[in-house]
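Everything in the sequence shown is counted per my numbering, starting at 395 for the first residue and increasing by one.
Below: the structure, in structure tokens.
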Amino acid sequence: MGSFKPSTSLITPIEDYLRYLQHQRRISDSSLINYRSDLTLFCGFIADYRLLSWADISCVQAQAFLNDVQFPTLSKATIARRYSSLRGFFDFLRRQSLLDIDPLVGYESVQKTSHTPAMVDIDHQQLLDYSAENFIARRDKAILTIVLNCKITLPQLLQLDLFSVDLANSQLHISQRGIANSSFELPSGSLATLQEWLSERVAIVTYDQGLFISQRGRRLSLRAVQLVINKVGRLRGISALTAKMLQRDFLFRQEDALHANKIVVPVNSRNDDSRSASLLATYQQLSLKADKHD
């Protein structure tokens, strides 16, 4: 690769990042040379995809550089250094709001040989206990808040529109042609986070009515939401966080709450078949275990 000249819009952020490393981070001259070499090579590699903005880069394109067949003899140390150079650069772009997601999310976990357990202990209060001050941070926090507090799937999350939010009744509504409407209750503690995101969302003028969009006004894809969850988890100290982990955590918390308030059938109702049946039906409706068998 490298047959196309990188555009100025790709080169300028790299120069800004190198100045930041030199004057703010005060890294050594030799380290700065390595960063410049890695990022210049990467910029030339990416130029062949004819990108005009770093916001357009995909995970496949970014990770292809680290796996490129042109570098089969590189040592693990050199590959690790290039990975570190790209990681730092992408973090800088996100802080400057020039990039929505981290294109290297998932690459680090692929390199590890240790097995990640299917279950992790998620402290959902700690996971959401941070200040969101910009478009991306507020959007990402709202996504995790909904997934952690609603029995909602990612495909359903992606169907949410601006008009799906019913703050007055603390609910989310999904309407689909030919399918029964779905409603999800929102805990009172999640409303403030959602309101903060809505204040950012309504400021973006776009024809797409999706609730969760990129800074360019496009509804987020399934993959983008998965990367958002992974990124926030990593920043909050939970590696390889997935939507399934969040959904499982929600179900367990719901089940614990149910068992703490378990319905007890009174002794004097033993001979009252209709009342016993009613109580049993109510319990089955509330029970997550029964819900799994429906």
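Just so it is clear, CB atoms sit at the ideal spot from N, CA and C, and this is done for glycine as well.
Would you call residue i buried or exposed, if buried means 16 or more other Cβ atoms sit within 10 Å of its Cβ?
i      : result
Gly611 : exposed
Thr402 : exposed
Leu542 : buried
Ser508 : Because the pLDDT at Ser508 is just 39, under 50, the model does not fix this residue reliably, and the value given afterwards should be weighed accordingly. Ser508 comes out exposed.
Ala586 : exposed
Glu409 : exposed
Lys625 : buried
Arg444 : exposed
Ala637 : buried
Ile546 : buried
Pro407 : buried
Ala536 : buried
Pro581 : exposed
Ser479 : buried
Arg595 : buried
Leu561 : exposed
Leu446 : exposed
Phe484 : buried
Ser584 : buried
Leu614 : buried
Asp643 : buried
Ile632 : buried
Asp432 : buried
Let me check understanding here. Comparing Cα to Cα, which of the options lies closest to residue i?
i      : options                        : result
Gly476 : Ala449, Ser425, Asn575         : Before going further, note that residue 476 is Arg rather than Gly in the sequence given. For Arg476, the nearest C-alpha among the options comes from Ser425.
His567 : Gly604, Thr600, Thr406         : Gly604
Arg488 : Asp523, Tyr429, Ile546, Asn528 : Asn528
Asp551 : Leu635, Val596, Ile607, Ser564 : With the sequence shown as reference, residue 551 is identified as Leu, and Asp is not the correct amino acid for it. Leu551 has its Cα closest to that of Ile607, out of Leu635, Val596, Ile607, Ser564.
Gly482 : Leu580, Asp496, Ser564, Phe578 : Asp496
Gly627 : Ala531, Asp432, Ser452         : Ala531
Arg630 : Asp534, Ala474, Ser577, Thr472 : Asp534
Gln641 : Leu548, Val559, Asp602         : Leu548
Leu404 : Tyr414, Asp494, Ile440         : Ile440
Ser689 : Leu493, Gln553, Ser491, Asp560 : Limits of the chain in this structure are 395 at one end and 688 at the other, which puts residue 689 out of reach.
Ala759 : Ile473, Ser447, Ser576, Phe436 : Because the chain spans 395 through 688 in this model, residue 759 falls outside it and cannot be assessed.
Leu460 : Ser633, Val559, Gln418, Tyr501 : Tyr501
Gln565 : Glu579, Leu521, Ala474         : Glu579
Lys399 : Tyr414, Ser593, Arg413, Thr434 : Thr434
Asp494 : Arg413, Ile421, Asn428, Ile451 : Ile451
Tyr429 : Ser584, Ala526, Thr472         : Thr472
Leu635 : Lys470, Ala458, Ile623         : Ile623
Gly438 : Ser422, Ala458, Arg420         : Ala458
Ala699 : Phe557, Asp555, Ser593         : A query on residue 699 cannot be resolved here, the shown segment of the chain reaching from 395 to 688 and no further.
Gln490 : Val454, Trp591, Tyr414         : Tyr414
Trp591 : Asn575, Leu556, Ser576, Asn563 : Leu556
For the putative contact between residue i and residue j, defined by C-beta atoms under 8 Å, what is the C-beta separation to the nearest angstrom?
i      : j      : result
Tyr411 : Phe486 : 5 Å
Leu492 : Ala449 : 6 Å
Val559 : Leu588 : 7 Å
Between residue i and chain D, is any beta-carbon pair separated by less than 8 Å?
i      : result
Arg628 : Of the chains in the structure shown, none is chain D; there is only one protein chain.
Inset, instruction - Please specify which runs of the beta strand (DSSP E), each continuous and at least 3 residues long, are wholly inside the region 605-632, giving them in chain order. - result: For the region 605-632, not a single whole beta strand (DSSP E) run of length 3 or above is found.
Legend entry - Stretch pair the region 541-555 + the region 616-629: three plus CB contacts closer than 8 Å: In short, these stretches touch, since the Cβ pair count reaches three.
Inset, instruction - Tell me the start and end of each unbroken alpha helix (DSSP H) in the region 410-458 that is at least 4 residues and wholly inside, in chain order. - result: Unbroken alpha helix (DSSP H) stretches of 4 residues or longer found wholly inside the region 410-458: 423-441, given in chain order.
Legend entry - Whole alpha helix (DSSP H) elements within the region 528-561, 4-residue minimum: Counting whole runs of 4 or more residues, the region 528-561 contains the alpha helix (DSSP H) stretches 529-543, 548-553.
Legend entry - Every unbroken alpha helix (DSSP H) inside the region 575-608 [4 residues or more]: Runs of the alpha helix (DSSP H) lying entirely within the region 575-608, each at least 4 residues long, are 582-595 in chain order.
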